[in-house]
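Asks:
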């Protein structure tokens, strides 16, 4: 995958997350490359575009997770989980509400 292709896919990830968080009224800050989702208790989930590896990274108290584009979806290198499913779990843990991405 070229850097340009990766950036198009990553842009779509950030836009999808922003739309879902806006509808769920959850605080976040994003510059398009890094997004910090902050919860009432001060904990955060960080979404990061890692261009050199062509991955999207999630960081939370529970750990770090790396996702690469395979067969039309962002898949975890560790356990084959899907990016938006894992992000949904992390946001539900932090905010106490379910958000559909």
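Numbering (the numbering used here), first residue to last: 1208 to 1308.
Where is the CB? At the ideal position from N, CA and C, for every residue including glycine.
Note that the structure is predicted; figures quoted are calculated from it, not measured.
Under three-state DSSP, which class holds residue 1213?
Replies: Here residue 1213 refers to the residue found at position 6 of the chain shown. Residue 1213 falls in the helix class under three-state DSSP.
Asks: Inspect the beta-carbon positions of residue 1266 and residue 1274 and report whether they are closer than 9 Å.
Replies: In the chain shown, the residue the question calls residue 1266 occupies position 59. In the chain shown, the residue the question calls residue 1274 occupies position 67. No, Cβ-Cβ distance for residue 1266 and residue 1274 is not below 9 Å.
Asks: Hey, out of 1218, 1308, 1268, 1307, whose CA is closest to residue 1238's CA?
Replies: Translated into the one-based positions of the chain shown, residue 1238 becomes position 31. It is 1218 whose Cα lies nearest to the Cα of residue 1238.
Asks: On the three-pair Cβ rule with 8 Å, is the region 1288 to 1302 touching the region 1243 to 1256?
Replies: Flag = yes, the region 1288 to 1302 and the region 1243 to 1256 touch.
Asks: Terminal residues of the continuous alpha helix (DSSP H) containing residue 1289?
Replies: Taking the chain shown and counting its residues from 1, the one referred to as residue 1289 is at position 82. Note, residue 1289: premise wrong, no alpha helix (DSSP H); not H, not E.
Asks: Quick check on the DSSP output: the beta strand (DSSP E) that includes residue 1263 runs from which residue to which?
Replies: Indexing the chain shown from 1 puts residue 1263 at position 56. Its beta strand (DSSP E) spans residues 1262 to 1267.
Asks: For the beta strand (DSSP E) that contains residue 1330, what are its first and last residues?
Replies: Within the shown structure, residues of the chain are numbered from 1208 to 1308, placing residue 1330 beyond reach of any answer.
Asks: Among residues of its own chain, excluding the 5 on either side of residue 1236, which ones have a beta-carbon nearer than 6 Å to its beta-carbon?
Replies: In the chain shown, residue 1236 corresponds to position 29, counting from 1. Excluding sequence neighbours, residue 1236 sits near 1243.
Asks: Once DSSP output is grouped into helix, strand and coil, what is the label at residue 1241?
Replies: Counted from its first residue, the chain shown places residue 1241 at position 34. Three-state result, residue 1241: strand.
Asks: Would residue 1298 and residue 1233 qualify as a contact pair, given that the criterion is a beta-carbon distance under 9 Å?
Replies: By 1-based counting over the chain shown, the position of residue 1298 is 91. By 1-based counting over the chain shown, the position of residue 1233 is 26. Yes, the Cβ-Cβ distance between residue 1298 and residue 1233 is below 9 Å.
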